[in-house]
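The next block holds one structure in the form of structure tokens; read it before the comments.
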Amino acid sequence: MRLRALLETDALGLRLLGGEDELDRTVRGVMTTDLRDPSRYLSGGELVLTGLAWRRDAADSEPFVRILAGAGVAGLAAGEAELGDIPADLVEACLHHRLPLFAVNETVAFATITEYVVRQVSGERAGDLAAVVDRHRRLMTSGPAGGGPEVVLDLLTSDLDLRAWVLSPTGRQIAGAGAPLPGPLGATLAGHHLAATRTGRRAPHRAAVAGTTYSLFPIRNTGRGAVPAARDVRESVLSDWLLAVEADASDWPAARLDLLQGVTQLIAVERDRRDAARTVRRRLAQEVLELVQTGAAPAEIAARLRVAAPVLLPGLGVAPQWQVVVARVDWSASGQSAAAGEIASGPVAQALLEEILVDPAVSGPDSADRIAVAHTGEEAIALVPLPAVITAPAEPGEGEEDAAAGADGEDADALAGEPGLHADALLASVREPLSAGLADDGRLTLGVSAAVHSAEGLRGALEEARHARRVAAARPGRVCAAGHHELASHVLLLPFVPDDVRRAFTARLLDPLRDYDRRHRAELIETLEAFLDCDGSWTRCAARLHLHVNTLRYRVGRIEQLTGRDLSRLEDKLDFFLALRMS
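Numbered according to the working numbering, the sequence shown spans residues 1221 to 1803.
Below you can see the structure in the form of structure tokens.
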């Protein structure tokens, strides 16, 4: 806005004291100060409001005005409430430095002027930015992207002083202006957005985190694979990006909300373009998957893998290893517009798995270039290449101590040193936001195979990943995963025992003990668990329970009497162990 417009607004109560020739200066902001030197807070173009508390005598006016003129402010407005008439030395100093000077009537609050200027300036900036956004949209839709989402986010920051980030549904930063958003904060904001979307609340969604308010705008997929607006929200909630703005949009005027809506549409165009770039990788995965599932010859599968390897791992000089990851999204019946069985879960699982397999520490939309994901039915299946681990031959005798130490290590340590993807690690950073999006009627289950070195092992890896996913599906929770290492344990068998068999088996063995404990408070169940955990050692079990060995023998005898079993027999110990695990 121009300084001249301030004089034409009667409600501001301004009176021009000098600088009539400078009234076409542009006002870019407003600042209220009574500092003798406010230069550190000035960036140019401001209308400075002052109550003259900085002035002790006539000599103070010249240096104060010189500082303002040097900072490039648009004009000075001095209040009459403190001194009555504006001092002549201030008028003279402003005339000397060609700085427009206004007197503010004592009945007009500085806040009134500030609010008016900010409203006018923001409106004009929004209009200018809207024009830029429109030009950028036309460029992006008619040809190559003009710098991607970062360009328009930079415009939001520079023209409207809005910090904003584009986030994936798991909270990973896709684009941003300025400092990156911390990973945990991104996950929290994504969780707020997904939860609000599932409840049907109208966007933008408001989220307050650590004393800062954010407004969350959905970025709808508008390409050929987009879900029509009339379909169930569950078909898109786990795959749409969002725009997080560090501001409270609840009191924004319609023009600014429309502008942000235009920004999300602009970013959606870029999302569509980058989704299209994944077509080659998806097609490679689909072709390999079809060959594996139809029992094609290993030589044919190997040939297809040789085509895929340069695309997924460019520049690799040796054949990679491969891992298979299987994911599935299941929905239960609810009051949504589409029944659970009618929701197309395969494409959702595909987009979600592509996101999950990206390193959460990596920002940007192109960090999934090494991931090829296909979907078949309700499953998404990822083919993940791993660079082959090449180690130099060890010198004679070298590494023997390390090998001996590793032989006694825990399973977790062994897994930590194992190359490739690990099931729990994949979901560690995304469990919170995805659980919010799945709400009370959705589940995500995921299985990970071991690494294989050739086409011959790929079919086994696929079955291994599918079996691991079924193990994960048997666990409680909205987001569950299992890895190949869990398929070599007795716990693999437990989830697949039918519920009625489980109930009958545990009731036959444990109900007599539970009934006895309720009547006599004998703690037979606790004793049985401790006895098995101590591998049947009387002394260790008695020490753990703080009992005399004779008391422990009495309790174990009572367990055997009530159940008709003998805890000295391996078979009976195993039955009790399984009953406790299934109960």
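Glycine included, C-beta positions come from ideal geometry on N, C-alpha and C.
Between the C-alpha atoms of D1731 and G1420 there is a straight-line separation of about 46 Å.
Distances from the alpha-carbon of V1668 to those of T1390, A1497, H1642, L1654 put H1642 closest.
Here S1649 carries a coil assignment [DSSP, helix/strand/coil]. Measuring C-alpha to C-alpha distances from P1473 to each of Q1340, T1332, I1333 identifies Q1340 as the nearest. When the alpha-carbon of D1478 is set against those of A1423, E1455, A1278, the nearest one is in A1423. Here E1312 carries a helix assignment [DSSP, helix/strand/coil]. The way I'd put it, the region 1563-1582 does touch the region 1592-1604; three or more beta-carbon pairs between them come closer than 8 Å. In the structure shown, the three-state DSSP call for P1567 is helix. Judged by DSSP in its simplified three-state form, P1389 adopts coil rather than helix or strand. A check of alpha carbon separations from A1294 across T1665, I1287, T1246 identifies T1246 as the nearest.
Per DSSP, the unbroken alpha helix (DSSP H) holding L1782 starts and ends at 1769-1783. Under the criterion of beta carbons closer than 8 Å, M1251 and L1262 qualify as touching, at roughly 7 Å.
A direct Cα-Cα distance of roughly 14 Å separates L1223 from R1318.
D1495 sits in a helix when the DSSP states are folded into three classes. Contact between P1389 and E1490 does not hold, since the beta-carbon distance rounds to 16 Å and is not under 8 Å. CA-CA distance, E1652 to R1690, rounds to 22 Å.
Just measuring C-alpha positions, the residue of F1797, E1706, R1501 sitting nearest A1692 is E1706. The beta carbon of T1432 sits closer than 7 Å to the beta carbons of E1466 from its chain, once the five residues preceding and following it are set aside; these are given in chain order.
For the set R1728, L1236, A1702, Y1336, the Cα lying nearest the Cα of A1670 is the one of A1702. Nearest C-alpha to H1687 among L1666, L1654, R1778: L1666. For C1761, the enclosing alpha helix (DSSP H) begins and ends at 1758-1765.
Check the Cα spacing between G1398 and each of R1498, L1382, R1760, A1416: the tightest is with L1382. For A1694, the three-state secondary structure derived from DSSP is coil. In the three-state DSSP reduction, L1262 falls in the coil class, being neither helix nor strand. Cβ-Cβ distances below 6 Å link L1310 to S1281 in the same chain, with the five nearest sequence neighbours on each side left out; the list follows chain order. For the 8 Å CB-CB criterion, V1546 and A1724 do not form a contact. Within the same chain, L1296, L1310, A1313, C1314, H1316, H1317, L1319 come within 8 Å of V1285 by CB-CB distance, once the 5 residues on both sides are set aside. The C-beta distance from L1748 to F1796 rounds to 6 Å, short enough to fall under 8 Å.
Per DSSP, reduced to three states, the secondary structure at M1251 is strand. DSSP places T1596 inside the beta strand (DSSP E), whose first and last residues are 1592-1596.
L1658 sits in a helix when the DSSP states are folded into three classes.
In the structure shown, L1606 adopts extended strand secondary structure according to DSSP, grouped into three states.
Listed in chain order, the alpha helix (DSSP H) runs fully inside the region 1383-1430 are 1403-1418, counting runs of at least 4 residues.
Just so you know, the alpha carbons of V1776 and L1787 end up roughly 8 Å apart.
Here the alpha carbons of L1790 and D1755 stand approximately 10 Å from one another.
Pairing L1533 with P1605 gives a Cβ-Cβ distance under 8 Å.
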